[in-house]
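Data block below; observations after.
Residue numbers (our numbering): 10 to 450.
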């Protein structure tokens, strides 16, 4: 829960943030610029917590409930009245006037009930910023209904429901609707908590991070369960289970061909899926930086149709042997099952324009194709695999080659045999290939 009182140190930290207009022990005011930035990022499907973190805020300091409150308020104002509604204004509500006058006894009874309610409200203020959550916040309204019901049940409030709702500025009909759905909400919350455990188990299965699609495919392929993806997404949002965001590759592509090397034509033309297994063979090399200055390099060969990683090799250097050895691994494991017109498609890196590499392919009756210069889209499936691997595999703590090789071997085994892919009928590559060869796919 968020905290109402900021410490002196927290106030100093918050004041250094350019998006903070004003901050005191009990409240924080954000700049109009940040509100506009928040709405813009929110429209790009970023979560409220993520936007605050990227803006330099500490969610633990602000509190998740406070972040949710601001997010809901700003989104609603933008939806209702556009960007101008995000300007720093305050809205006050005066409550509904009564049609009849109260007797002195009734006024005393009401004041006593109000004192009881405000004492309870003061306890809530210690956990969340009431004044900022009051406006247009359905979550706060449900909490208010819950508190009224709890106080009536335990006897700490003896006044009427009408007075309680009037004092806390909620509708009486809304309170009774809340009571009607209470049992159903309790059942759903219990179900959500049970699903939370299963989703967290799926998310952490074999130590690789997963998004909603991978979790749906985990249930289907590992547990034999069919689960709606929207349900998984809802529960991931509710319990703050976040999938890492794909980041752009920070590494430059390797040096281009020198004069003694030569390129070949692009016979693939991005036709990665040709309906034939073991024909289109995509290859590339990626960097895997570890700890204490250790650097590893991974070379792979991927089947364009089945998406299976057919061969891979991990090295601690970028010598030509990394690409030659990968071909040897391919021929050793799949040489007998390769298509008669099989060819290797790569970029124009020095490893693939090398005369030794050309000879290696010719000796194994493999054709060759190359992407256009500097065009990573011509080998997009291979780049996509490296992106998933770096997102999901924990490799940055590796300090020596054998450790990295063991981690890569395990991940590729998981990728080929257990990690479902949405575009492969939600099956892992090996299972899809088996169906494909049997004529089912």
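Glycine included, each C-beta is placed from N, C-alpha and C at the ideal position. The model shown is predicted, which means the values in this text are computed figures rather than measured ones.
Under the criterion of beta carbons closer than 8 Å, residue 398 and residue 423 do not qualify as touching, at roughly 10 Å. Residue 83 places its beta carbon less than 7 Å from that of residue 48.
Judged by DSSP in its simplified three-state form, residue 354 adopts strand. Counting only runs of at least 4 residues, the segment 180-256 fully encloses the following alpha helix (DSSP H) elements, listed from N- to C-terminal order: 181-189, 191-212, 221-230, 238-247.
Between the C-alpha atoms of residue 233 and residue 208 there is a straight-line separation of about 14 Å.
For residue 321, the enclosing beta strand (DSSP E) stretches over residues 318-324. Counting C-beta pairs with one atom in each stretch, the segment 294-309 and the segment 391-406 have three or more that are closer than 8 Å, which means they touch. The three-state secondary structure of residue 124, taken from DSSP, is helix. Of the residues 388, 408, 350, the one whose Cα lies closest to the Cα of residue 292 is 388. In this structure, the CA atom of residue 219 is about 26 Å from the CA atom of residue 80. Shortest Cα-Cα distance from residue 286 to any of 374, 238, 443, 332 involves 443. Looking from the CA of residue 190, the closest CA among 151, 170, 217 belongs to 151. For residue 407, the closest alpha carbon among the candidates 325, 27, 350, 427 is that of 325. The segment 152-160 makes contact with the segment 182-200: 3 or more CB pairs, one atom from each, lie closer than 8 Å.
Residue 57 is positioned such that its CB atom lies closer than 7 Å to that of residue 76. The beta carbon of residue 54 is closer than 8 Å to none in its chain, skipping five residues each way along the sequence. Bridge pairing for residue 115: absent [DSSP]. Taking the C-beta atoms as reference points, residue 297 is found no nearer than 7 Å to residue 217. Taken atom to atom, the span from the alpha-carbon of residue 390 to that of residue 369 is near 24 Å. Setting aside the 5 residues that flank it on each side, residue 238 is surrounded in the same chain by 221, 222, 225, each with a C-beta closer than 8 Å to its C-beta; the list follows chain order. Per the DSSP secondary-structure output, residue 306 pairs in a beta bridge with 296, 324. Comparing C-alpha distances from residue 124 to each of 114, 176, 91 shows the shortest one belongs to 176. Going by DSSP, residue 377 is part of the beta strand (DSSP E) stretching over 376-379. Inter-residue distance for residue 416 and residue 215 is about 11 Å (C-alpha atoms, whole angstroms).
Taking each of 290, 348, 36, 379 in turn and checking the Cα distance to residue 363, the smallest one comes out for 379. In this structure, the alpha-carbon of residue 344 lies about 46 Å from that of residue 249.
Residue 313 and residue 212 have their alpha carbons spaced roughly 27 Å apart. Note: residue 311 is bridge-paired with 291, 318 in the DSSP secondary-structure output. The beta carbon of residue 354 sits closer than 6 Å to those of 277, 291, 378, all from its chain and outside the five residues before and after it, given in chain order.
Going by DSSP, residue 285 is part of no beta strand (DSSP E) at all; its letter is neither H nor E. Look at residue 423 here: in three-state DSSP terms it is helix. When the five nearest sequence neighbours on each side are left out, the beta carbons in the same chain lying within less than 7 Å of the beta carbon of residue 44 are those of 83, 95, in order along the chain. According to the DSSP assignment, residue 29 belongs to the beta strand (DSSP E) that extends over 29-32.
Within the model, the alpha-carbon separation for residue 401 versus residue 437 is close to 16 Å.
Under the three-state reduction of DSSP output, residue 16 falls in the coil class, being neither helix nor strand.
Around the beta-carbon of residue 52, fewer than 16 other beta-carbon atoms lie within 10 Å, marking it exposed.
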